[in-house]
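According to the UniProt record's numbering, the sequence shown is numbered sequentially starting from 1.
All C-beta atoms in this analysis are idealised placements derived from N, C-alpha and C, irrespective of residue type, glycine included.
These figures come from a predicted structure and were not determined experimentally.
Worksheet: the structure to be examined is printed underneath.
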Amino acid sequence: MELFGAGRRIALVVLLGLAACAPQTETGRTTTTGAGLGALSGAVVGSFSGNAGWGALAGAGVGAAGGYAVGRSREARRDAYWHGYNDAYRR
């Protein structure tokens, strides 16, 4: 008898990944969240073909890449805003 099923193991990994998000930067947070959500959705899709592990692995990679892109975009937009804001008040 298995102690944890595949679904519970995946949920545990996702929860541990999300718990590590607190002290990170915006990019780190969105990368971790994207990887967790990608792994979860990849496992669900992969389970239909009988291979949830490979689906979770592929989903985590795609989710992490998407999360990284979103985080970098948000940080660049925030930095551009503050540079413009500070330049406006230096005059």
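{"query": "Start and end residues, alpha helix (DSSP H) containing S47", "result": "26–48"}
{"query": "Chain-order list of residues whose beta-carbon lies under 8 Å from that of G66 (same chain, five-residue window excluded)", "result": "G34, G38"}
{"query": "Min CB distance R77 to chain C below 7 Å", "result": "Looking at the structure shown, chain C is missing, and only one protein chain is on hand."}
{"query": "Distance between beta carbons of A6 and A52, contact taken as under 8 Å", "result": "6 Å"}
{"query": "Exposed unless 16 or more other CB atoms sit within 10 angstroms - verdict on L15", "result": "exposed"}
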